[in-house]
Amino acid sequence: MGMPQAGRRREQRDPTPLNRRAAENRQVIRPEPRDSKPSPCPHLPNCAGCRFIGRPYGEQLGAKRAAVSEALAHHPTLARIEVPPVVPSPRAFGYRNQAKLVVRQARRGLLVGLYRPGTHQVVDIRACPVHHPLIATVLAAFIEAAERLAIQAYDERTQGGDLRYMVVRVSHWAKTAQVILVTRTHTLPHRRELVRALQRVRGVASVVQNVNPDPGNVILGSEYVPLTAETALQERIGGLKLKTRAGAFLQANVPAARKLYELALAWANPGPEDYCLDVYCGIGATTLFLAGGSRLALGIEESPIAVADATVNARLNGFHNVRFMSGDAESALPAAATRLPRVDIILLNPPRKGATETVRAAIVECRPRRIVYVSCAPDTLARDLDWFAARGYPCTRLQPFDFMPQTEHVECVALLEPDPA
Numbered sequence: 195m196g197m198p199q200a201g202r203r204r205e206q207r208d209p210t211p212l213n214r215r216a217a218e219n220r221q222v223i224r225p226e227p228r229d230s231k232p233s234p235c236p237h238l239p240n241c242a243g244c245r246f247i248g249r250p251y252g253e254q255l256g257a258k259r260a261a262v263s264e265a266l267a268h269h270p271t272l273a274r275i276e277v278p279p280v281v282p283s284p285r286a287f288g289y290r291n292q293a294k295l296v297v298r299q300a301r302r303g304l305l306v307g308l309y310r311p312g313t314h315q316v317v318d319i320r321a322c323p324v325h326h327p328l329i330a331t332v333l334a335a336f337i338e339a340a341e342r343l344a345i346q347a348y349d350e351r352t353q354g355g356d357l358r359y360m361v362v363r364v365s366h367w368a369k370t371a372q373v374i375l376v377t378r379t380h381t382l383p384h385r386r387e388l389v390r391a392l393q394r395v396r397g398v399a400s401v402v403q404n405v406n407p408d409p410g411n412v413i414l415g416s417e418y419v420p421l422t423a424e425t426a427l428q429e430r431i432g433g434l435k436l437k438t439r440a441g442a443f444l445q446a447n448v449p450a451a452r453k454l455y456e457l458a459l460a461w462a463n464p465g466p467e468d469y470c471l472d473v474y475c476g477i478g479a480t481t482l483f484l485a486g487g488s489r490l491a492l493g494i495e496e497s498p499i500a501v502a503d504a505t506v507n508a509r510l511n512g513f514h515n516v517r518f519m520s521g522d523a524e525s526a527l528p529a530a531a532t533r534l535p536r537v538d539i540i541l542l543n544p545p546r547k548g549a550t551e552t553v554r555a556a557i558v559e560c561r562p563r564r565i566v567y568v569s570c571a572p573d574t575l576a577r578d579l580d581w582f583a584a585r586g587y588p589c590t591r592l593q594p595f596d597f598m599p600q601t602e603h604v605e606c607v608a609l610l611e612p613d614p615a
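For the sequence shown, the numbering used here begins at 195 and goes up steadily by one.
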């Protein structure tokens, strides 16, 4: 059985702190030659997003396994946990189906890319080798149309200009794309012409404007304005059809995520009389798969957009034994537990900072038979596993996965079971 990625929210921030002095230089940064060996990326060494690029893939997996082992080694209670080899990604390149990019004005035209580490200089990454090929096609069409229409990019010094960022999200299953144009105000000159140019790209199904007047470093604002009739991407993982709108989390490597969630579901092993809680459930994918084997599954998610998508997804897939609650996990989890006769299984997939102690305490208070913890940060996972172990829920199994080849990031799924009485 396939297991899709929950639409858990993530903080969306600029990757580097503001450096006003470096911001004065806005010219396009050209890669510097390193040696005679052909580089797997034309943007090296100025783009540092893929720190492992150029290393053999087996060596990358070994480094990620070592990172998980090192995180666990800081806690004596976790010393006996075996860290098996990392499950590889089905693809080492062209896997990433989401790009969040800065839009700035350069001397040679519009520049779309990422900040160079430690500066606010923007590195052009339109030929990024880890991006899904459709992203590069969309970027090329966007830059050509925006320059032809003389649309002005945001200037952080003067707070002028219109376009601040753009986000491209691709459905791995449908091979369609959604483009999110982040603007300083509701005004976007030549908006119709720009949208028509994007829609001429085969696969672009949805264009959305996001309004973010905040001069800080948060990429997306709270207001979304649909610019096309279609407002969502449709993904398919396993047997589920899943709709996700702009503002809801989309997994960056769906095939790799499916492998992890298949294992998470197997370890959760819900029975027909079980009541399940899915904490940080996002668009409800994991909740629906838990519901497929249980009496009732209840999902908790802070993002109202994701909760609305989760409700749509339950109807789209014909599930009736599913409920969703909107709210932060700290307050919603205790309330959710009171709505169920008991809590047999809890699945949680928190953001990088891990689960707060309040959330962990509420989970233990439920006394579930099993806890399945999905994590994108070994350090906070180890911290939380140590905390649970001290309260009678040791980790009995753990498996790392590679969602982001060429980078140092590694995901894990852990099974926690109560100590025998």
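Positions of the beta carbon are idealized from the N, C-alpha and C atoms, including for glycine. Given the structure is predicted, the values throughout are model-derived calculations rather than measurements.
So, at 8 Å on beta carbons, what are the nonlocal neighbours of ILE337 in its own chain, with the 5 sequence-adjacent residues on each side left out?
So the qualifying residues of the chain are GLY303, LEU304, VAL306 and ARG320.
Assign HIS325 to buried or exposed, taking buried as 16 or more other Cβ atoms, counted over all protein chains shown, within 10 Å of its Cβ.
So HIS325 ends up on the buried side.
Tell me whether PHE597 sits in a helix, a strand or coil according to DSSP, three-state version.
In this structure, PHE597 counts as coil in the three-state DSSP scheme.
So does VAL473 have its beta carbon nearer than 8 Å to some heavy atom of the ligand PLP?
Inclusion of the ligand PLP in the displayed structure is not the case, the ligand content being empty and no account of it being possible.
Using three-state DSSP, classify PRO407 as helix, strand or coil.
In this structure, PRO407 counts as coil in the three-state DSSP scheme.
Whole angstroms is fine: what's the gap from GLU350's alpha carbon to ASN404's?
So the alpha carbons of these two residues sit roughly 18 Å apart.
Relative to the C-alpha of ASP613, which residue among ARG591, PHE597, ALA583 and THR601 is closest?
Of the listed residues, the one whose Cα sits closest to ASP613 is ALA583.
Using alpha carbons as the reference points, say which of THR480, ALA242 and ILE499 lies closest to TYR567.
It is THR480.
Whole-angstrom Cβ separation of THR377 and ASP356, contact assumed at under 8 Å?
Yes, they are in contact, since the Cβ atoms of THR377 and ASP356 sit about 5 Å apart, within 8 Å.
What residue from LEU592, ARG585, ASP468 and LYS369 has the CA that sits closest to ALA556's CA?
Measuring from the Cα of ALA556, the nearest candidate turns out to be ARG585.
Can you give me the start and stop residues for the beta strand (DSSP E) that GLN292 sits inside?
292-300 is the span of the beta strand (DSSP E), which, as asked, contains GLN292.
Figure out for me which residue from ALA508, ASN411, GLU467 and ALA440 has the closest Cα to the Cα of GLN353.
For GLN353, the nearest C-alpha among the options comes from ASN411.
Starting from TYR359, trace the beta strand (DSSP E) in both directions and tell me its first and last residue.
First-last of the beta strand (DSSP E) with TYR359: 357-364.
Can LEU295 and VAL362 be called in contact, C-beta distance under 9 Å?
Yes, these two residues count as a Cβ contact at 9 Å.
Scan the stretch 493-568 and note each continuous beta strand (DSSP E) run of 3 residues or more that stays entirely inside, going in chain order.
You should have 516-520 and 539-542.
Relative to the C-alpha of TYR289, which candidate in PRO466, THR601, ALA608 and THR313 has its C-alpha closest?
That would be THR601, whose Cα lies nearest to the Cα of TYR289.
Roughly how many angstroms separate the alpha carbons of LEU492 and PHE518, rounded to a whole number?
The alpha-carbon atoms of LEU492 and PHE518 are separated by roughly 6 Å.
With C-beta atoms as the reference, is PHE513 less than 9 Å away from ALA530?
Result no, Cβ atoms of PHE513 and ALA530 do not sit closer than 9 Å.
Excluding the five sequence neighbours on either side, which residues of its own chain have a C-beta within less than 7 Å of the C-beta of GLY256, listed in chain order?
Closer than 7 Å at the Cβ level, and outside the excluded window around GLY256, lies no residue.
Anyone know if the C-beta pair for SER520 and VAL537 falls short of 9 Å?
No.
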